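For the sequence shown, our numbering gives the first residue as 3, with consecutive numbering after it. Glycine residues also receive a C-beta, built at the ideal position from the N, C-alpha and C atoms. If you're wondering where the values come from, they're calculated on a predicted model, not measured in any experiment. A short worksheet on the structure shown next.
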Amino acid sequence: MLKVTNPPFRILIRKLCKEVELFTELIVESTVNFASRKNIRSMLGEPENNTVVQLGGSDPQKLSKAVKILLEMGYDKFNLNCGCPSSKVQKGCFGAVLMKNPELVADIINEIEKDNDVIISLKTRIGVDNDDSFEFFNRFVSYIRDNTNCRRFYVHARKCLLKGLDPKANRKIPTLKYEYVYRIKEIYPDLFISLNGGITHTNINAVNNLDGCMIGRGAREDILIFNRILKKEINYSNVIKEYLEETFNLNYTKHKILVPLVNLYKGTRNSKKFKALINTLCNDKKIEITEIKVKINEFIKENEIK
3 MLKVTNPPFR ILIRKLCKEV ELFTELIVES TVNFASRKNI RSMLGEPENN TVVQLGGSDP
63 QKLSKAVKIL LEMGYDKFNL NCGCPSSKVQ KGCFGAVLMK NPELVADIIN EIEKDNDVII
123 SLKTRIGVDN DDSFEFFNRF VSYIRDNTNC RRFYVHARKC LLKGLDPKAN RKIPTLKYEY
183 VYRIKEIYPD LFISLNGGIT HTNINAVNNL DGCMIGRGAR EDILIFNRIL KKEINYSNVI
243 KEYLEETFNL NYTKHKILVP LVNLYKGTRN SKKFKALINT LCNDKKIEIT EIKVKINEFI
303 KENEIK
């Protein structure tokens, strides 16, 4: 997710729940192909197991070149975004508009595999604009399945409206149609199908017969959502101390480090007080990193957080 799943956010999620597969922010192939490796690593974070680099682009050769660079840097899992509705993405002729051209998507997948011996996964919607029938979605999935070795699909169970709705509205207004995703899995049981869109810890049963779920902005609002789903307890003190130590050592900005912490205590008696502290620290332009650590550690001690 752009402006959400940056390296500090993912580090915190990993401290909370090691089992979760994480996606980077979308990175465009031109950025990879022309930026320095230092800048790429700053944007994506350190390569690690169970983390997928999400790519944007529509040129098979350029995307393949980007994957080659990323492989050389140590990243080893890749996903092509065929679901983003942003106007900037549309101008680049990638994101959700790619669902209208399964032949091009297949060319991208095959070019990357041919050049790099890597099979990428896809992030999709169930439809685009007026192409919102199950038949349209089925034709797309079927074409990719029959013409590539891609077998892994992360499906946002809404169609995408390329005009008239901004990205935020596109995440809420089009109707969720989980039944489309269920039917695809029934037709193609050999495919890995992960459900995205509207999933919370209270309706996790919606995953039904599927292979997993993808939770996006829900994790920003409730960063403990994976712990709630997997029923994993949290040692707040250890998580915060380890997180601050790692992120400060990697020299991320104060704002990027603190923002993921805002909702850490959601649903507890310490939620409002901790959120107020984080907001105060974010807005204090003069405060030093070492003082931030002291303030947060004092909060933990005073509130007897274990």
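The three-state reading of DSSP puts G58 in strand, counting E and B together. For R141, DSSP records no beta bridge to any residue. In this structure, the alpha-carbon of C95 lies about 50 Å from that of E300. The three-state reading of DSSP puts I186 in helix, counting H, G and I together. The bridge partners DSSP lists for H158 are N198. Nearest to A108 by alpha-carbon distance, out of G47, C152, A68, L164, is C152. Under the three-state reduction of DSSP output, N253 falls in the coil class, being neither helix nor strand.
Partner residues in the beta bridge of D133, as assigned by DSSP, are V130. Taking P176 as the centre and dropping the five residues before and after it, the same chain places the C-beta of R160, K161 closer than 6 Å to its C-beta, in chain order.
Around the Cβ of E304, a 10 Å sphere holds fewer than 16 other Cβ atoms; the residue is exposed. Taking C-beta atoms as the reference points, L212 and K268 fail to come closer than 8 Å. In terms of Cβ geometry, E235 and N265 do not form a close pair [threshold 8 Å].
A straight-line Cα-Cα distance of about 11 Å links V296 and I289. From the listed residues G200, N205, V209, I201, the smallest Cα separation to F194 is found for V209.
The Cβ atoms of K258 and I291 lie no closer than 8 Å to each other.
In terms of Cβ geometry, M3 and R43 do not form a close pair [threshold 8 Å]. Annotated as distal: E27 and S66, with beta-carbon spacing of 8 Å or more. Closest by C-alpha distance to R173, out of G220, F276, N140, Y182, is G220. Of the residues P49, K79, N52, T33, the one whose Cα lies closest to the Cα of G59 is T33. Sixteen is the threshold: when 16 or more other Cβ atoms of the shown chains lie within 10 Å of the Cβ of S123, as they do, the residue is buried. Residue environment: D286 is assigned as exposed (fewer than 16 neighbouring CB atoms within 10 Å of its CB, all protein chains considered).
Annotated three-state conformation of T53 is strand, per DSSP. Between the alpha carbons of E247 and K20 lies a gap of roughly 18 Å. In the three-state DSSP reduction, S38 falls in the coil class, being neither helix nor strand. Take K79, set aside five residues on each side of it, and the residues of its chain with a beta-carbon closer than 6 Å to its own are V54, in chain order. Counting of Cβ neighbours within 10 angstroms places I189 among the exposed residues, the total staying below 16. Assignment of K125 by DSSP, reduced to helix, strand and coil, places it in the strand class. For P10, the CB contacts under 6 Å within the same chain, skipping 5 residues up- and downstream, are T249, Y254, K258, I259, P262 in chain order. In the DSSP secondary-structure assignment, I298 is not bridged to any residue. By the C-beta density criterion, T7 is buried, having at least 16 other C-beta atoms within 10 angstroms. Around the CB of D134, 16 or more other CB atoms lie within 10 Å, so the residue is classed as buried.
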